[in-house]
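Shown next, in structure tokens, is the structure this report addresses.
Residue numbers (this note's numbering), protein chains in the order written: chain B, 334 to 446; chain R, 30 to 140.
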């Protein structure tokens with residue numbers, strides 16, 4: 334089944350404890366992206382990747398890191414999480430090198446206390 | 030000013046009626062437009078995309094684009110309770126790698 338997977342789906346952590354949210358797609362898509370969704374603010378892009386080893390900042394990159402060492406994987410790293418990073422996170426991918434028609438993962442609900 | 034604005038809603042329509050959702054965008058370089066549906070607690074899923082001025086129909090959904098006026102709309106005909114969801118409008122500027130989303134409009138279809 335063609336899909337985007339994310340792990341973990343739910344995570345409660347404490348301020349400052351490094352964490353990684355994994356994202357993997359099995360559709361051989363070039364483009365991958367991370368979003369956060371907050372009430373009233375909609376989806377905001379954190380980072381995106383046009384291809385392996387090519388990443389760039391979205392609209393809200395502060396406090397996040399990403400890497401794209403393999404085409405299928407695009408992990409999101411929070412080196413020192415803070416409470417304002419409590420949010421619902423989505424990974425997405427699309428064919429081609431641009432955002433185009435994106436397919437979203439199931440989401441990761443992160444709470445930082 | 031947000032790049033993509035949607036009417037705030039919520040929008041409540043009776044079953045069988047037409048639901049009309051509007052979206053405006055500020056960047057005239059926007060070339061492609063997408064409508065995503067998001068059920069409560071689920072991830073967004075693409076339902077329509079439109080690149081050219083005019084109407085595009087897909088089943089009960091019609092997307093309308095007017096680049097001169099910088100608006101995009103989505104019509105849902107014969108609305109069903111299963112259409113109750115939040116609808117997100119997104120715009121893509123040519124040669125950019127980002128997709129800008131509106132905050133979404135929540136639609137409730139009353140049986």
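Glycine included, each C-beta is placed from N, C-alpha and C at the ideal position.
Cβ of residue 442 of chain B within 8 angstroms of Cβ of residue 409 of chain B?
-> No Cβ-Cβ contact shorter than 8 angstroms links residue 442 of chain B with residue 409 of chain B.
Measure from the C-beta of residue 85 of chain R to each C-beta in chain B and report whether the shortest distance is under 8 angstroms.
-> Answer no: the Cβ-Cβ gap between residue 85 of chain R and chain B never drops below 8 angstroms.
Quick one: grab the DSSP three-state call for residue 426 of chain B.
-> Three-state result, residue 426 of chain B: strand.
Is the segment 400 to 419 of chain B close to the segment 73 to 81 of chain R, with three or more CB pairs under 8 angstroms?
-> The segment 400 to 419 of chain B is not in contact with the segment 73 to 81 of chain R.
Chain-ordered chain R contacts of residue 432 of chain B [CB-CB under 7 angstroms] | Within chain R, the residues placing a beta-carbon under 7 angstroms from that of residue 432 of chain B are 121, 126, 127 and 128, ordered along the chain.
For residue 384 of chain B, which of helix, strand or coil comes out of DSSP?
-> In this structure, residue 384 of chain B counts as strand in the three-state DSSP scheme.
Would you kindly report the start and end of the unbroken beta strand (DSSP E) that includes residue 364 of chain B?
-> 364 to 371 is the extent of the beta strand (DSSP E) around residue 364 of chain B.
Environment of residue 92 of chain R [buried if 16+ CB atoms lie within 10 Å] | Residue 92 of chain R counts as buried, since no fewer than 16 other beta carbons sit within 10 angstroms of its beta carbon.
Can you give the Cα-Cα distance for residue 108 of chain R and residue 132 of chain R, rounded to whole angstroms?
-> The C-alpha of residue 132 of chain R is placed about 22 angstroms away from the C-alpha of residue 108 of chain R.
Applying a beta-carbon distance threshold of less than 7 angstroms, which residues of chain B neighbour residue 72 of chain R?
-> Under the 7 angstroms cutoff, chain B gives 423, 437, 438, 439 and 440.
From residue 395 of chain B to residue 367 of chain B, what distance separates their C-alpha atoms?
-> Going by the C-alpha atoms only, they are around 13 angstroms apart.
Would you identify the three-state DSSP class for residue 418 of chain B, choosing helix, strand or coil?
-> In the structure shown, the three-state DSSP call for residue 418 of chain B is helix.
Are there 16 or more other CB atoms within 10 angstroms of the CB of residue 348 of chain B, so buried, or fewer, so exposed?
-> In summary, residue 348 of chain B is exposed, with fewer than 16 beta-carbon neighbours lying within 10 Å of its beta-carbon over all protein chains present.
First and last residue of the beta strand (DSSP E) that includes residue 43 of chain R?
-> From DSSP, the beta strand (DSSP E) with residue 43 of chain R extends over 40 to 43.
Could you say which of B/432, B/427 and B/342 lies nearest to residue 125 of chain R if we only look at CA atoms?
-> Of the candidates B/432, B/427 and B/342, the one whose C-alpha sits nearest the C-alpha of residue 125 of chain R is B/432.
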